[in-house]
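Q:
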Amino acid sequence: MRARMAAAVWAGWAALTGIVTAAGAAFLALGLFAATQVAEQPVLFDAYLWRVVRFTLLQAGLSTILSILPAIVLARALTRRQRFPGRTALLRLLALPLALPALVVVLGIVQVWGQSGWANAVLKAAGFETGFNIYGLTGILIAHVFFNASLATRLLLSHLDRIPAENWRLASQLGMQPWSIFRLIEWPVLRAGLPGAASLVFLLCIASFTVVLTLGGGPKATTIEVAIYQALRFDFDPARAVLLALLQLSLCAGLIVLGGRFSGSMIATKSVYGWNIRPDVSSLWGRLADFAIIGVSALLLLLPLTAVVAGALSAPFAKLLGEPVFWRAVMTSVIIASVAAISCLVLTWCMLAGLRTLRSGQSRRVATVFTNLSMASASLILVLPPVVLGTGWFILLRPVTDVFAVAPGLVIMINTLMALPFAMRILQPAVTSASDSHERLCASLGMSGWHRFRLIDWPVLRAPLGLAFAFAMALSIGDLGAIALFGSEDFTTLPLLMFQRMGSYRMDEAAGLALLLLVFCLGLIYGAEGLARPRQVPGEAVQ
Amino acid sequence: MYRLLLSLVICLSLAPATARAADTLTVYTYESFVAEWGPGPGIKKAFEAECGCTLKWVGIQDGVAILNRLKLEGKQTRADIVLGLDTNLMTEAEATGLLTEHGSALDGVKLPISWTDKTFVPYDYAHFAIVYDRSKVTKPPASLDDLISGDSAQKLVIQDPRTSTPGLGFLLWMKSVYGDKAADAWARLKPRILTVTPGWSEAYGLFTKGEAAMVLSYTTSPAYHVIAENSDKYAAAAFSEGHYLQIEVAAAVAGSAQLELARKFLAFVTKPGFQDHIPTNNWMFPAGPTTKPLPEAFAKLVKPSKTLLFSPGEVAESRKAWIDEWLEVMSK
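Chains A and B, in that order, give the protein sequences. Position one of the first sequence corresponds to residue 2 (the numbering used here), numbered consecutively onward. Position one of the second sequence corresponds to residue 5 (the numbering used here), numbered consecutively onward.
1) Can you give the Cα-Cα distance for LEU193 of chain B and ASP509 of chain A, rounded to whole angstroms?
2) Rounded to whole angstroms, what's the CA-CA distance from THR382 of chain B to CYS55 of chain B? Just pull it up for me.
3) Helix, strand or coil: which one does DSSP assign to GLY88 of chain B?
4) Along chain A, in chain order, which residues have C-beta atoms closer than 8 Å to that of LYS304 of chain B?
5) Count Cβ pairs between the stretch 256-275 of chain B and the stretch 87-104 of chain B that sit closer than 8 Å; are there 3 or more?
6) Taking buried to mean at least 16 other C-beta atoms within 10 Å of its own C-beta, is PRO593 of chain A buried or exposed?
7) Mind the definition here: the stretch 133-146 of chain A touches the stretch 100-120 of chain A only if three or more C-beta pairs lie below 8 Å; say whether that holds.
8) Between which two residues does the alpha helix (DSSP H) containing VAL31 of chain B stretch?
9) So that I know if they touch, is there some Cβ in chain B lying closer than 8 Å to that of ILE268 of chain A?
10) I want to know whether the stretch 188-198 of chain A touches the stretch 175-191 of chain B - three or more CB-CB distances under 8 Å.
11) If you scan the stretch 141-166 of chain B from start to end, which runs of the beta strand (DSSP E) of 3 or more residues do you find wholly inside it?
12) Determine the chain A residues that contact ARG166 of chain B at a beta-carbon separation under 8 Å, and present them in chain order.
13) Quick one: list the residues of chain B neighbouring GLN112 of chain A, beta-carbon separation under 8 Å, in chain order.
14) Considering Cα atoms alone, identify which of A:SER315, A:ALA198, A:SER251 is closest to LYS213 of chain B.
15) Among all the DSSP beta bridges, which residues are the ones paired with THR201 of chain B?
16) Whole angstroms are fine: how far does the CA of ARG81 of chain A sit from the CA of VAL10 of chain A?
17) Going along chain B in order, which residues have a C-beta closer than 7 Å to the C-beta of GLY115 of chain A?
18) Select from the stretch 78-94 of chain B all residues with a C-beta closer than 8 Å to any C-beta belonging to chain A, and list them in chain order.
19) So, for THR130 of chain B: in the same chain, excluding its five sequence neighbours on each side, which residues have a beta-carbon less than 7 Å away from its beta-carbon?
20) Closer than 7 Å by beta-carbon distance: list the chain B residues that pair up with PHE395 of chain A, in chain order.
21) Below 7 Å on C-beta distance, what does GLN60 of chain A contact in chain B?
22) What residue from B:GLY203, B:PHE124, B:LYS304 has the CA that sits closest to LYS94 of chain B's CA?
23) Can you tell me whether VAL202 of chain A is helix, strand or coil according to DSSP?
24) When you compare the CB of LEU398 of chain A with every CB in chain B, is at least one pair closer than 8 Å?
25) For MET218 of chain B, report the span of its alpha helix (DSSP H) as first-last.
26) What does TRP61 of chain B pair with, by DSSP beta-bridge criteria?
27) Could you tell me whether any Cβ in chain B is nearer than 8 Å to the Cβ of ALA476 of chain A?
28) Please identify, using Cβ separations under 7 Å, the residues of the stretch 495-512 of chain A that lie next to chain B, in order along the chain.
29) Tell me the DSSP secondary structure of ASP184 of chain B in three-state form.
30) What three-state label does DSSP hand ALA16 of chain A in the structure shown?
31) Just checking my contact of LEU160 of chain B with VAL219 of chain B at CB under 8 Å: how many whole Å lie between their CB atoms?
32) Which residues of chain B have a Cβ atom closer than 9 Å to the Cβ of ARG88 of chain A, listed in chain order?
33) Would a check of beta-carbon distances place THR201 of chain B closer than 8 Å to chain A?
34) By DSSP's criteria, GLU252 of chain B is part of a beta bridge. Which residues make up the other side?
35) Express the C-alpha separation of ARG399 of chain A and PHE327 of chain A in angstroms, rounding to a whole number.
36) Could you tell me whether the Cβ of LEU175 of chain B comes closer than 8 Å to any Cβ of chain A?
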């Protein structure tokens, strides 16, 4: 058994080393390459860069606050209302924005909130002539909230749904009022999940590119990510790109340290959920408020998605579906996204299993070091621009092999890395709390490895595993950063296909492809989450 | 899962073969050139029939990415030809020392300017233009001055010169008309600009969605809508100061093992076998003779009264300072 334990720890360290190496090697290669270039000494810290840094932090900070607050409200309403028609569908739709390329979402949002969008049309019909202009910080925030409030809701909901039945029984016995329930039962659980969700949203907004430039209205809205892209893609100045990427990394590292580590393991979860003995869900006002919140959120989520559908109504679907290149792209997208999602889950699982074993072992110091390292790397990977990773690996592989031949592998690797922070945040709290309840049992039964996974972990963790898989897959499917670097006519995914059509005046075909991508992603999310759905329905859980 | 892995292995093994056969010419170009609807497939057929060799397209994002790829690969590049750079990139591309002379007389070349470059062969061109929606703009601007001082409720979408080739083109256009007063002109134009997008696709997408009345594009853009969509909804505005020109070029790689074949291809570039595929596949003007006259829609396009163009050297030297000047005004 000791050997097994060591194996888990070993696998954990191996996964962590692999991740750090994959990122570090790219940096190193790019840095070394930059050293061989004769370039004028770049002025890094000028007034322009400070403006960019300030704006990056401002928009990311505001976007995070504006995404997290409604997410708390919505997650709470959703956890209070476990049964209503369309709940499952709504939860799955929440994963959808992430799966769509930013450009598709931007055009959807513009259709709703833009100059000639639906909202302004309604305002005009109501007699308000001026209408409003979203271009600027407003547009950036609307788009970021659309992307991230949905994500944060799912993350926070997974915390709220794990409040054990004992707490609700106690709350009933004590006759607790809704406010006390929020303060004493829900808030502690939310607080455990907030740092993870908020830091994820913050990092995603830091790395935002298409949204910021397209909706930002002008170069006043420039993020560090834009400057990195400009340095590497347009000015071909690898030295500056490396320095800027390091600046972005260290800024975020600082903020992550300041923000503390994400969720602890204070929730002693039993597998029995007790939602329907909550004492605070039966009042009429509570019901009305919850459904108003859910209704408005669903509307705000559905409008831009509906716009994507509406924009595609006149698209030549028969032509698109008849093209072999479309089906090839579908195949490629499925394979890339599945492999990336699986490898992401395997890596995450290795790290978490290693962490779990270390925690139950003797050396707390090693456990803490490992936790901090794996959490930090699973966060910072998010602000490593794909263009830096991609170019770095291109330089590394070029002397050894034809980069085009290994392009699918590179795209999978980058997508895997990009999905890690999501999988980590979904699985880490679940694994930790499951471990708290089962570690001793497993130890006394001598259960480990595959047996333990199949009999103990899988039944408890299938829901978070399914959610993590769906998110990882969605992220990979919608990716345009990595595929844009390595795609070719023999290796094209759906988003790339769509982007190419858009670049050649074929806007109607692009709109059609956007809709097909949306439908296709929704199918995958349904599949992934459906497979991992716990067999017990919450209603049966209470004896 | 096994099936997925298996598919992946198949996918990997189907990736382009790395071996370079003795008679294969590898051409790096941009993706839309080799797309099914692009000029690539037709040109491949025409050239292969002539040379008895294999033409292999390698599609890379865009012109700037082609140059970057060349710099990254250095002397070991697999490219025999790079096709898809524009005049603004010529100095930088030449400075890599990786390209060589084309060795052609280029007597068939027809461009709005005279062409004497020994390294680069031009294959198509178009002038930048403000394209507008006729249902929204009844009195299109007749000059840059008009555009700048016009009704700021009628919005314009442009591209970012830091990340986009047309974006840089418009910056150079403004600079060539306003010179030292360009900053002032930008300040006056600013209220009219709805947003500045990272690339052409985003800008054109917003424009056709109806968000803005005008977009920066090419004089040839309306031809696409007339020919492919049978719609005359969009038109380009003719500006009295003249229009800035974009010329797309190709060049041979010095270290190519197929140098003779590469030069043969560069001579072919200005011939009808190549040029026939340009107008309605790349939506640009051919830089050489075509078998048939251009479609009628092309004859109706705006013909710039004057062509504006900085030399590649001037652009390479001043681009950074000009972009900084633009940033300064636009970030206020």
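Heads up, the beta-carbon is just placed ideally off N, CA and C, and yes, glycines get one too. Remember, it's a predicted structure, so these values are computed and weren't measured experimentally.
A: According to the structure shown:
1) LEU193 of chain B and ASP509 of chain A: Cα-Cα distance of roughly 31 Å.
2) Past the boundaries of the shown model lies residue 382 of chain B; chain B is included only from 5 to 336, so the question cannot be answered.
3) Reduced to three states, the DSSP call for GLY88 of chain B is strand.
4) In chain order: nothing, as chain A lies at least about 17 Å away.
5) yes
6) There is simply no residue 593 of chain A to check, as chain A begins at 2 and stops at 544 in what is shown.
7) The stretch 133-146 of chain A and the stretch 100-120 of chain A touch, with no fewer than 3 CB-CB distances between them shorter than 8 Å.
8) Counting along the chain, VAL31 of chain B falls outside any alpha helix (DSSP H), though it belongs to the beta strand (DSSP E) covering 28-34.
9) Low confidence applies to ILE268 of chain A: its pLDDT is 39, below 50, so where it sits in the model is not reliable, and the reading given next is rough at best. No, ILE268 of chain A does not count as interfacial toward chain B.
10) no
11) 160-163
12) PRO220, VAL227, GLN231, PHE235
13) Going along chain B in sequence order, the residues near GLN112 of chain A (Cβ under 8 Å) are LYS213.
14) Nearest option by C-alpha distance: A:SER315.
15) B:GLN163
16) One Cα belongs to VAL10 of chain A, the other to ARG81 of chain A, and the distance between them is close to 39 Å.
17) By Cβ distance, chain B contributes GLU215.
18) Those would be GLN80, ARG82, in chain order.
19) Per the sequence shown, the amino acid found at residue 130 of chain B is Ala instead of Thr. These residues qualify, in order along the chain: TYR222, THR223, THR224, GLN250, MET288, PHE289.
20) LEU76
21) Chain B residues near GLN60 of chain A: none, gap ~14 Å exceeds 7 Å.
22) Looking at the sequence shown, residue 94 of chain B is not Lys but Met. For the residues B:GLY203, B:PHE124, B:LYS304, the minimum Cα distance to MET94 of chain B belongs to B:PHE124.
23) helix
24) no
25) Looking at the DSSP string, MET218 of chain B is not in any alpha helix (DSSP H); the run it does join, the beta strand (DSSP E), is 218-222.
26) B:VAL31
27) The question names Ala, yet the displayed sequence has Leu at residue 476 of chain A. Chain B contact via Cβ: absent.
28) PHE500, GLN501, MET503, GLY504, SER505, TYR506, MET508
29) helix
30) helix
31) 7 Å
32) The contacting residues do not exist; ARG88 of chain A stays about 30 Å from chain B at best.
33) yes
34) In the DSSP secondary-structure assignment, GLU252 of chain B is bridged to B:ASP90, B:ASP128.
35) The straight-line gap from Cα to Cα measures roughly 29 Å.
36) no
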